[in-house]
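Trainee: Here the protein sequences line up with chains Y and G, keeping their order. Each residue of the first sequence is one higher than the one before, counting from 22 in the working numbering. Each residue of the second sequence is one higher than the one before, counting from 22 in the working numbering. Even glycine gets a Cβ: it sits at the ideal position worked out from N, Cα and C. Model, not experiment: these values are computed from the prediction. My questions will all concern the structure given below.
2 protein chains.
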Amino acid sequence: MKLKISEVAELANVTKRTVDYYTNQGLLRAERSASNYRYYDREAVDQIGVIERLKDEKLSLAEIKKRLKVDQAENADIEELKMKIQDLEMDVSDIMNILEKKGLTKETIRNNLSHESISLMQTLLLLLI
Amino acid sequence: MKLKISEVAELANVTKRTVDYYTNQGLLRAERSASNYRYYDREAVDQIGVIERLKDEKLSLAEIKKRLKVDQAENADIEELKMKIQDLEMDVSDIMNILEKKGLTKETIRNNLSHESISLMQTLLLLLI
DNA sequence: GGTCTTAACCATCACGTTATAGTTTGGGGT
DNA sequence: ACCCCAAACTATAACGTGATGGTTAAGACC
Chain Y
22 MKLKISEVAE LANVTKRTVD YYTNQGLLRA ERSASNYRYY DREAVDQIGV
72 IERLKDEKLS LAEIKKRLKV DQAENADIEE LKMKIQDLEM DVSDIMNILE
122 KKGLTKETIR NNLSHESISL MQTLLLLLI
Chain G
22 MKLKISEVAE LANVTKRTVD YYTNQGLLRA ERSASNYRYY DREAVDQIGV
72 IERLKDEKLS LAEIKKRLKV DQAENADIEE LKMKIQDLEM DVSDIMNILE
122 KKGLTKETIR NNLSHESISL MQTLLLLLI
């Protein structure tokens, strides 16, 4: 039998809000009923235990999520990477097209691009060149 | 002169958290400094006033956002650009995540990334920095 | 005027909280 | 057994909160 959010929360010794948050962040998976209720299976309780332990080791939820993804998706990394890079190429050329057609300013662009993204791109280029 | 978040908040009679939230939800636009600080122009203060008034009429922020978007539909280009750039950001961070997780080599990456794409990214960065 | 320190500020994370609106369920009556 | 209802549960929105880790700006000192 599947568990509702408060049952999961109690069994895992966390609050409902925590289960809610983890679910929204994609660290926990839940079925949805027709009425949009979440239903978890028992495995979720253990999963929360793992998450809490990793948190004690100062990992952020984002990092924990990555680690969990690795455990479960182990493989198709390079295929994924290939596809991501294709997407990236398309995005970049789209952007450049827009930049050429419209006379948008440097500021307009920078205001819409997060600084993390810029530094990520820089890092990527540094790795490659 | 541009305003910082707490200045906007005080002038508009809302909390910083509210300004933060509206900004994240895309109801308010802010420039970002190199250090990632948000800088608003005074128009933002009035904008918040409009939002609060619409909230009194029981509109949700999502609905308010749509209404504001219509008002400034002239900015379709920028919206398009924004979305493209968001896609780009996601792609880049995805790629970096994979790069961090796996010990993929420079060669593996370069083999999957076209030469044109690299130079496009370089151009983009040159425009911005 | 330059440098150095420190208090005040800022961004983000990981939830907490309150309000609203919809859902499920254990009775109670018939 | 079937219908009705209130109590308990649920999802989501819109912030609030405390911790953490950077940033900026205003003096103090040289």
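For N96 of chain Y, which residues from the same chain have a beta carbon less than 8 Å from its beta carbon, with the 5 sequence-adjacent residues on both sides left out?
Mentor: No answer about N96 of chain Y holds up, because its pLDDT of 38 lies below 50 and its placement is not dependable.
Trainee: Kindly identify the DSSP beta-bridge partner or partners of Y60 of chain G.
Mentor: Y60 of chain G pairs with G:E52.
Trainee: Quick check: the segment 29-43 of chain G against the segment 58-76 of chain G, are at least 3 beta-carbon pairs closer than 8 Å?
Mentor: yes
Trainee: Identify whether L24 of chain G lies in helix, strand or coil by the three-state DSSP scheme.
Mentor: Looking at L24 of chain G - three-state DSSP - the assignment turns out to be strand.
Trainee: Distance, Cα to Cα, G70 of chain G vs S56 of chain Y?
Mentor: Cα to Cα, G70 of chain G sits roughly 36 Å from S56 of chain Y.
Trainee: Check E95 of chain G in the structure and name its three-state DSSP category.
Mentor: Unreliable positioning characterises E95 of chain G in this predicted model, as indicated by a pLDDT of 42, which lies under 50. The coordinate reading is nonetheless provided below. Three-state result, E95 of chain G: helix.
Trainee: In its own chain, which residues sit with a C-beta less than 8 Å from the C-beta of R59 of chain G, not counting the 5 before and 5 after it?
Mentor: K25, I26, T44, A51, E52 and R53
Trainee: Contact check, V29 of chain Y vs Y61 of chain Y under 8 Å by CB: the rounded distance?
Mentor: 5 Å
Trainee: Whole-angstrom Cβ separation of L48 of chain G and L82 of chain G, contact assumed at under 8 Å?
Mentor: 6 Å
Trainee: Which of the three DSSP states is assigned to Y39 of chain G in this structure?
Mentor: In the sequence on display, residue 39 of chain G carries Thr and not Tyr. In the structure shown, T39 of chain G sits in a helix (DSSP, three-state: H, G or I).
Trainee: Could you tell me the alpha carbon to alpha carbon distance between L80 of chain Y and R38 of chain Y, rounded to whole angstroms?
Mentor: 19 Å
Trainee: On the three-state DSSP scale, how would you describe Q46 of chain Y?
Mentor: Correct three-state label for Q46 of chain Y: coil.
Trainee: Please report the distance separating the alpha-carbon of E84 of chain Y from that of E78 of chain Y.
Mentor: 11 Å
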